[in-house]
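Residue numbers (my numbering): 48 to 148.
All C-beta atoms in this analysis are idealised placements derived from N, C-alpha and C, irrespective of residue type, glycine included.
Okay, structure first, notes after.
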């Protein structure tokens, strides 16, 4: 089963894509959903933009379901994805696969 490399949605669960875009996502690449694809030209921008969308929606929705707390939690998850991708770009030597001798 595929999972989006940005938001982590799967064929069985695209809840956050539906909350943020209003529709079910589909696959545009093997590991990239349609909800994340137009959000930038690289994965760092996609994750950061998605966190911003979740943050904005969380503050607009207030106590709706999913409410502010859930949306801000998704925002934080996307910021962690962005930070991980950013670290891999800035320090590729730390994240290079180590060869077994």
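- DSSP places residue 50 in the strand class (E or B) of the three-state scheme.
- At the C-beta level, residue 129 and residue 98 come within 9 Å of one another.
- Within the DSSP bridge table, the entry for residue 70 names no partner.
- Within the same chain, and ignoring the five residues on either side of residue 90 in sequence, the residues whose Cβ sits closer than 7 Å to its Cβ are 52, 53 and 132.
- Nearest to residue 66 by C-alpha distance, out of 127, 93, 140 and 117, is 117.
- DSSP places residue 64 within a helical segment (H, G or I) once states are collapsed to three.
- Here residue 122 is buried, its C-beta having at least 16 other C-beta atoms within 10 Å.
- In this structure residue 134 is exposed. Its beta-carbon is surrounded by fewer than 16 other beta-carbon atoms within 10 angstroms.
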